[in-house]
Each structure stands twice: as C-alpha cells, then as structure tokens.
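Take a look at the structure set out below.
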Amino acid sequence: MKGDEVIGGDQVSYDDVEVGTDLAAVSYPATRLSLVKYCGASGDFNVIHWNERIARAVGLPDVIAHGMFTMAQAGRFVTDWAGPKATVVDFGVRFSSPVVVPDDDVGAAITVSGQVEEKLDGNRVALALTARSAETKVLTRARAVVRLP
Amino acid sequence: MAINPDFLGKTFPPGPAYEISRVKLAEFADAIGDPNPVYRDRSAAVEAGFPDVIAPPTFPFVISIASSARALADPGLNLNYAMVVHGEQRFSYVRPLHAGDVVTAQVTISDIREVGRNSTMTTTTQIRTVDGEHVCTAYSTLVERGGAQ
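Given below as structure tokens:
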C-alpha cells in the first residue's frame, strides 16, 4: 500500500474499535528532498540531515532522517487511521535506529504498522506502533493515544 | 567532555511569543508529506470540529526547538551538536494547536545522564498560549554519541 492512497481517512468511532485489531502497514518515502524541506519547515538544520561529508565524518553511514520526520510519518499513520474528528492526546516514541537516506531518486522507505493496544475511558484508544526502514526497527516503544468520537 | 551536569534542573525563560499561521502549518504538513486537509483547508478543519486549521501532532517540536536552541547553544552546556541524535520524544496534548494560537515555550532541563559511552539530556517544554492556557507538554531526550568519553 502506498502512503498517498489515504488522505485524512474515514472516521473511526470508539464503539467500533476492538482491542487487538491490527492496523495495515503503510510505507512512506524519505528522500534527500524530504529532509531538506523538513530542515526548512522545522528549523532543525543539524548538518547530519543534509551533509553527507560531515555525516560520515562523525561516524554515521550516510545522511540520516530527522527523528522528528520519522515520528511525523508515524503520526500520519495514526491520524489517517483515526479520522479527522479524532484528536491525539499522547504520542511518544523511542528512536532506536537512524533512517539512512541515500543520495538517489528513491531514498528510504519508512513502514509503519500498529495494533489497537487498549481501550481507555473518555473515548480514548491506545495504539502500539512499529516503524521499520531497511528491515531495521527505527521506532520502538512507540505509542499513541487518540480520543475518538 | 560530557554534558555539563550543572544545567540539570535549569529552566530557561520563555522565548518570544510564537504566532501559529495557516501558511506555516501548510508548509510543515507539506514537508512531512501529509496531505490531510485539516492542516491546510479551514473549511475541512471546521467541519471536523476545530476553530481553524490544526497543527500535525509533531508540530509542537518546531515551537520547542526554537526555545531549546538557545539552551543547546549555551557554550557552558558543552553539547557537541554534530554528535547529537534524537533519542526519545513524547508529547502530551491538552488540545491540538491551531492557526491563530499565540504561544510560548518554556524549556526545563529535566535530566542529564551518562549511558555507556553516550551522554543524554532530557528537556521538558511547556507550551502555553500567551493567555496562560496550557496546550502541550513536550519531552525530548537527546543523545550525544561518545559524549561520556
């Protein structure tokens, strides 16, 4: 499934959600252009996100994506699933491995999947998330809590 | 040289007020590759129950980084930014930020420790409107690779 097939998503309601339901994996691209745009939009110009020479000099395999870019893809996965009337009330991740972005026209793919972990009071639902790139887990202990209609 | 432990517990004064604009939110949504209309189309956001276009869940980091950049740039902190990678990130939201919000970010260095060869530093950032409404708390852990050597 390509990342651009779902825009905003249909609305999920709290009563229809079942604990243990798997959320279908979605892959999102990360190219050098993505990172340059993210530098500009976020204000995070750390050289390891755009300068291969310095990235390698400080011991990285190549330019790496901003952790927050990867987290943003997981955020999109959550909000696309939850629908436009949902609100995210808590969202946390651990960046377990960098997303390495080669200087080609394809870049890296960040594949996000998830599962409904828990139904909480106040129409809140906890999702357990996983993100991988190049077969490596790039987010661990990733969890979002959303409030559904 | 490690991160200076004297900075543990230090709270920095809030930076200048940050006015969230529709243009900035659309730019940020473009940069993360998220086509969701609630980030760029006011009528879609209003239909979903929000007063104006809302911010993607990871957007508060853009506000917090502007304030934390001042803390990170303090030479006394002794943080080598080229060696820094993002370790963990969490947001706890009272409500989504939306266009028209005018907010400040107050950064506290809530933890500094050495983990093996690395140093880590955790900041806790309170994002409030200029009227004093608490909107979001962001927790960031940065890892300085080799920082404990």
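Protein chains in written order, with our numbering: chain A, 289 to 437; chain B, 26 to 174. Positions of the beta carbon are idealized from the N, C-alpha and C atoms, including for glycine. Because the structure is a prediction, the values reported are computed rather than measured.
By the neighbour-count definition (other C-beta atoms within 10 Å, threshold 16), B/PHE75 is a buried residue. For A/VAL400, not one C-beta of chain B is nearer than 8 Å to its own C-beta. When the Cα atoms are used, B/SER92 and A/ASP392 turn out to be separated by approximately 34 Å. A straight-line Cα-Cα distance of about 9 Å links B/VAL128 and B/PRO41.
Contact between A/THR428 and A/SER384 holds: their C-beta atoms lie close to 4 Å from each other, under 8 Å. Contact annotation: A/ILE342 and A/VAL389 have beta-carbon atoms that are not nearer than 8 Å. Of the residues assessed, B/THR150 falls on the buried side of the cut-off, its CB having 16 or more other CB atoms within 10 angstroms. Secondary structure within the segment 374-399 of chain A: the beta strand (DSSP E) runs of 3 or more consecutive residues, fully enclosed, are 375-383 (chain order).
For A/VAL377, the neighbours in chain B by C-beta distance under 7 Å run, in chain order, TYR118. Residues of the segment 349-373 of chain A with a C-beta atom less than 8 Å from some C-beta of chain B are ILE352, HIS354, GLY355, MET356, PHE357, MET359, ALA360, GLN361, GLY363, ARG364, VAL366, THR367, ASP368, PRO372 and LYS373, listed in chain order.
The DSSP-derived three-state label of A/GLU340 is helix. Minimum Cα-Cα distance from A/LEU408 among the listed residues A/ASN334, A/GLN299 and A/VAL305 corresponds to A/VAL305.
Annotation for B/GLU169: the continuous beta strand (DSSP E) segment containing it runs 159-169.
Interface residue (Cβ-Cβ distance to chain A less than 8 Å): B/PHE37 is not classified as such. Judged by DSSP in its simplified three-state form, B/ARG120 adopts coil rather than helix or strand.
The beta carbon of A/TRP338 sits closer than 8 Å to those of ARG320, LEU323, VAL324, CYS327 and VAL351, all from its chain and outside the five residues before and after it, given in chain order. Here A/GLY402 is buried, its C-beta having at least 16 other C-beta atoms within 10 Å. Classified as exposed, A/PHE333 has fewer than 16 neighbouring CB atoms from the shown chains inside 10 Å of its CB. Within the segment 102-115 of chain B, TYR106, ALA107, MET108, VAL109, VAL110, HIS111, GLY112, GLU113, GLN114 and ARG115 place their CB atoms closer than 8 Å to a CB of chain A, listed in sequence order. Beta-bridge pairing by DSSP links A/PRO317 to A/ALA397.
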